[in-house]
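One gets the working numbering by counting positions in the sequence shown from 1 and adding 107 to each.
The beta carbon of each residue, even a glycine, is placed where N, CA and C say it ideally should be.
Working notes, structure below.
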Amino acid sequence: VLQERGESTSRHGRATFSVLLFQDLAVVVLLILIPLISPNSSKGGVGFQAIAEALGLAAVKAAVAITAIIAGGRLLLRPIYKQVAENQNAEIFSANTLLVILGTSLLTARAGLSMALGAFLAGLLLAETEFSLQVESDIAPYRGLLLGLFFMTVGAEYQNSQIY
């Protein structure tokens, strides 16, 4: 809504974006904590030290995986997209974009992180390229479907017994 009104760079637009970004990042930490503090877990709930150790290990794994993906993405995406753009084939461009998203998601899953984080990182990497507007317009028809799929897969990872 702020972008449609041209208010995303205004003071309240930046403040709103900051709050929303903080909430998005806080969700990641909360999703990590849910299985650890659940009374139905195999350990019957765990103490502060176990939570701190698990969070520390998860943070190190996440930092290594994210750094590797971002470094690799910055080195590889521009040359790949330049080659694909030279072909001037919209289907190949869209397929390449979906392949980048799926590949990054699989890499994060292989590293023990969520596929949703991989999709998020792919979006960040694609947004940094000079092809971001073309990526956005090519993916627009799939946006609703992919958003629904994203939230279904994130929600399907958790059982009600882990939450309640």
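- The criterion of a C-beta distance shorter than 9 angstroms is satisfied by residue 225 and residue 208.
- Using a Cβ-Cβ distance cut-off of 8 angstroms, the segment 126 to 138 and the segment 175 to 188 are not in contact, since fewer than three pairs of beta carbons, one from each stretch, lie closer than that value.
- Around residue 181, the same chain offers 232 and 235 as residues with beta carbons nearer than 8 angstroms, after the five sequence neighbours per side are excluded.
- Residue 249 and residue 123 have their alpha carbons spaced roughly 26 angstroms apart.
- Taking 9 angstroms as the cut-off, the Cβ atoms of residue 221 and residue 162 do not count as close.
- In the structure shown, residue 236 adopts coil according to DSSP, grouped into three states.
- At a Cβ-Cβ threshold of 9 angstroms, residue 205 and residue 246 count as neighbours.
- Secondary structure note for residue 261: its alpha helix (DSSP H) is the uninterrupted segment 250 to 263.
- Taking C-beta separations shorter than 6 angstroms and ignoring five residues to either side along the sequence, the partners of residue 261 in its chain run 223, following chain order.
- Distance from the CA of residue 190 to the CA of residue 211, rounded to the nearest whole angstrom, comes to 19 angstroms.
- In this model, residue 168 and residue 228 are separated by some 15 angstroms (Cα to Cα).
- When the Cα atoms are used, residue 126 and residue 254 turn out to be separated by approximately 21 angstroms.
- A Cβ-Cβ distance of about 6 angstroms is found for the pair residue 172 and residue 215, placing them in contact under the 8 angstroms criterion.
- Taking all protein chains shown into account, residue 238 has 16 or more neighbouring C-beta atoms within 10 Å of its C-beta and is therefore buried.
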